[in-house]
Ligand code: BJ8
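In our numbering, the protein residues as written are -11 to 410.
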């Protein structure tokens, strides 16, 4: 609409390039989402949020800013949303899942950098991401080498505060992480001009836990057969959890879960009960990276879980709410965040256990491990996960891909061949 265009111009977006992006996104969404049969009524919320993700949601961020609130953008689930919320700031995800701007990004980072990194850099350089342009603070982190080094360059075009995420789970690493959480807290207080009180932090923890509880509820309902919701829609829910207002999101997802409960009672599903049930595992899939889920589900399988940061890795663990003093709450945050089984950690054996347990829990017939091309941490762990799953007689297919559409047919062939072995 006209008003959106004005807003985008003020954010200094490249209007033509941005219109082109929205055009492609709309078409892609239509093909992959609107074509689904027997979709939930609650999916109207998903359609609406997605259609307005660069529109009304950005308007809301601007309204918040007009009230003196700040917007904080991040690229990793290690950046504690609880603290952002405790300072009345808005927390948004900045990872991008489309190829736009890749050529530009390759002027700043090596070609053999994963698509997720190239995408966020490309989105900034091509001026097509209203979330980056709306952020008062952009937070990076020292996870994989690709991101760590990319933030040094990114900092030159978009000032980036970097949190030091340790690489091990030793006591020394936990102490470092605690000091980083405190440093982030001080930075957020400086940015917002607000003091984070115990009461406000408690509230931030409860809002974030509620969001994770709603996602846990969704995960649990997906154990049902026939599958009550497609993996595409479940992925979209997880993606939207990084953009929408957390309280509204929680309410809407709980409503959607009620509809799912009804469906399960009525034995209604999105696929026949004999459709192969697959668990996705690996790198996060940022909007609009729906390629592999589409390939899998259009081949007749149904995805019953996403073991990734845009999935169970971000919803599995809650912050202990019995903590009441500031010190106890900070320790509870440290504990919770250090449970994240990101492949950047060494060793990271808990991920092997978590993937195996999730596959069993969801009654998955197989696992599709997904790593982005040039992602060292997840490509390494694909081999370990394969071994761990073999020991439990759970078959796994390892896929490496990027955001291009060139390999869709090849992926389809591989996925279908894998499904035949199940
Ligand atoms: S906690 S998974 S969100 S770092 S795909 S950029 S790892 S080369 S995204 Fe992640 Fe935080 Fe870990 Fe989660 Fe590097 Fe791999 Fe690219 Fe990746």
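Glycine residues also receive a C-beta, built at the ideal position from the N, C-alpha and C atoms.
Only a predicted model underlies this, so the values are computations on that prediction, with no experimental measurement involved.
Review point. Is the beta carbon of residue 63 less than 8 Å from the beta carbon of residue 128?
Key: As a first step, residue 63 is located in the chain shown; it is residue number 75 there, counting from the start. As a first step, residue 128 is located in the chain shown; it is residue number 140 there, counting from the start. Cβ distance < 8 Å, so residue 63 and residue 128 count as in contact.
### By C-beta, the residues closer than 6 Å to any heavy atom of ligand 1, given in chain order
64, 65, 66, 102, 104, 105, 131, 132, 134, 135, 271, 272, 297, 328, 330, 332, 360, 363, 365, 366
- Query: Below 8 Å, can you find three or more Cβ-Cβ pairs linking the region 118 to 135 to the region 144 to 153?
  - Reply: yes
Report yes if the CB atom of residue 373 is closer than 8 Å to the CB atom of residue 354, and no otherwise. The residue labelled residue 373 in the question sits at position 385 within the chain shown. The residue labelled residue 354 in the question sits at position 366 within the chain shown. No, these two residues do not count as a Cβ contact at 8 Å.
### Task
Tell me the start and end of each unbroken alpha helix (DSSP H) in the region 25 to 104 that is at least 4 residues and wholly inside, in chain order.
31 to 39, 44 to 54, 69 to 74, 90 to 93
Query raised in the report: How many whole angstroms separate the CB atoms of residue 419 and residue 325, which I take to be in contact at a CB cut-off of 8 Å?
Result: Residue 419 lies beyond the residue range present for the chain, which begins at -11 and ends at 410; the question has no answer from this structure.
For the candidate residues 406, 141, 56, whose alpha-carbon lies nearest to that of residue 98?
Translated into positions along the chain shown, residue 98 becomes position 110. When each option's Cα is compared against that of residue 98, the closest is 141.
In the DSSP assignment, what residue or residues form a beta bridge with residue 148? Against the chain shown, residue 148 aligns to sequence position 160. In DSSP, residue 148 forms a bridge with 126.
> Can you find at least 3 beta carbon pairs, one from the region 175 to 186 and one from the region 73 to 81, that sit closer than 8 Å?
Replying inline: yes
Range of the contiguous alpha helix (DSSP H) that encloses residue 14:
Residue mapping note: residue 14 aligns to position 26 of the chain shown, counting from 1. Per DSSP, residue 14 belongs to the alpha helix (DSSP H) from 3 to 17.
### Query
Can the beta-carbon of residue 237 be found less than 8 Å from the beta-carbon of residue 199?
Taking the chain shown and counting its residues from 1, the one referred to as residue 237 is at position 249. Taking the chain shown and counting its residues from 1, the one referred to as residue 199 is at position 211. A contact, by the Cβ cut-off of 8 Å.
Task: Endpoints, the alpha helix (DSSP H) within which residue 249 is located - done: Indexing the chain shown from 1 puts residue 249 at position 261. Run containing residue 249: 234 to 253, per the alpha helix (DSSP H) assignment.
Quiz item: In the structure shown, what three-state DSSP assignment does residue 359 receive?
Solution: Locating residue 359 in the chain shown gives position 371, where the first residue counts as 1. Strand at residue 359.
Could you say which of 202, 67, 266 lies nearest to residue 228 if we only look at CA atoms? Taking the chain shown and counting its residues from 1, the one referred to as residue 228 is at position 240. Residue 228 has its Cα closest to that of 202, out of 202, 67, 266.
- Pick helix, strand or coil for residue 321, following the three-state DSSP scheme. For the purposes of this step, residue 321 is taken as the residue at position 333 of the chain shown. Three-state DSSP puts residue 321 in a helix.
_residue 409 and residue 376 - do their beta-carbons sit closer together than 8 Å?_
Position 388 of the chain shown, counted from the first residue, corresponds to residue 376. Position 421 of the chain shown, counted from the first residue, corresponds to residue 409. It is not a contact, given that the beta carbons lie outside the stated cut-off.
ask   = Where do the ends of the alpha helix (DSSP H) carrying residue 408 lie?
value = Residue numbering aside, residue 408 sits at position 420 when the chain shown is read from its first letter. Here the alpha helix (DSSP H) through residue 408 covers 396 to 409.
Original post:
Between the C-alpha atoms of residue 321 and residue 401, what's the straight-line distance to the nearest angstrom?
Top reply: Residue 321 sits at position 333 when you count from the first residue of the chain shown. Residue 401 sits at position 413 when you count from the first residue of the chain shown. One C-alpha to the other measures close to 44 Å.
Three Cβ pairs or more, each shorter than 8 Å: is that satisfied between the region 116 to 124 and the region -4 to 8? yes
- Task: Pick helix, strand or coil for residue 113, following the three-state DSSP scheme.
- Result: Position 125 of the chain shown, counted from the start, is the residue given in the question as residue 113. If DSSP states are grouped into helix, strand and coil, residue 113 belongs with the helices.
To which residues does DSSP link residue 283 through a beta bridge? By 1-based counting over the chain shown, the position of residue 283 is 295. For residue 283, which the question treats as bridged, DSSP gives no partner whatsoever.
_Are the CB atoms of residue 221 and residue 37 within a distance shorter than 8 Å?_
Here residue 37 refers to the residue found at position 49 when the chain shown is read from its first residue. Here residue 221 refers to the residue found at position 233 when the chain shown is read from its first residue. The answer is no: Cβ separation not under 8 Å.
Using the Cβ count rule (16 or more neighbours within 10 Å means buried), how would you classify residue 167?
Residue numbering aside, residue 167 sits at position 179 when the chain shown is read from its first letter. By the neighbour-count rule (16 or more Cβ atoms within 10 Å), residue 167 is not buried but exposed.
* In chain order, which continuous runs of the alpha helix (DSSP H) of length 4 or greater are located wholly inside the region 178 to 229? -> 186 to 209, 219 to 228
Quick one: which unbroken alpha helix (DSSP H) runs of 4-plus residues sit fully inside the region 332 to 397? Chain order, please. 337 to 349, 364 to 378
Practice problem: Let me know if residue -2 comes out buried or exposed under the rule of 16 or more other beta-carbons within 10 Å of its beta-carbon. | Solution: Taking the first residue of the chain shown as position 1, residue -2 is located at position 10. Exposed, since its Cβ has fewer than 16 Cβ neighbours within 10 Å.
(Q) To the nearest angstrom, how far is the alpha carbon of residue 244 from that of residue 210? (A) By 1-based counting over the chain shown, the position of residue 244 is 256. By 1-based counting over the chain shown, the position of residue 210 is 222. Going from the Cα of residue 244 to the Cα of residue 210 covers about 12 Å.
**Message:** If you reduce the DSSP assignment to three classes, tell me which class residue 170 lands in.
**Reply:** If you number the chain shown from 1, residue 170 lands on position 182. Here residue 170 sits in helix by DSSP.
Practice prompt. Evaluate the contact criterion for the region 377 to 396 versus the region 351 to 365: three or more CB pairs, one atom per stretch, below 8 Å.
Written response: yes
Query raised in the report: Does the beta-carbon distance from residue 269 to residue 285 come in below 8 Å?
Result: Position 281 of the chain shown holds residue 269. Position 297 of the chain shown holds residue 285. Not a contact, by the Cβ cut-off of 8 Å.
DSSP state of residue 267, grouped into three classes? What you label residue 267 is simply residue 279 of the chain shown in a count that begins at 1. In this structure, residue 267 counts as strand in the three-state DSSP scheme.
* Asked: For residue 175, does the three-state DSSP call read helix, strand or coil?
  -> Within the chain shown, the letter at position 187 stands for residue 175. Helix at residue 175.
Return yes when the Cβ of residue 301 is within less than 8 Å of the Cβ of residue 328, no when it is not.
As a first step, residue 328 is located in the chain shown; it is residue number 340 there, counting from the start. As a first step, residue 301 is located in the chain shown; it is residue number 313 there, counting from the start. Yes, the pair counts as a contact, with Cβ atoms nearer than the cut-off.
Exercise. Would you give the residue range spanned by the alpha helix (DSSP H) that residue 277 belongs to?
Key: The count along the chain shown starts at 1 and reaches residue 277 at position 289. First-last for residue 277: undefined, no H or E at that position.
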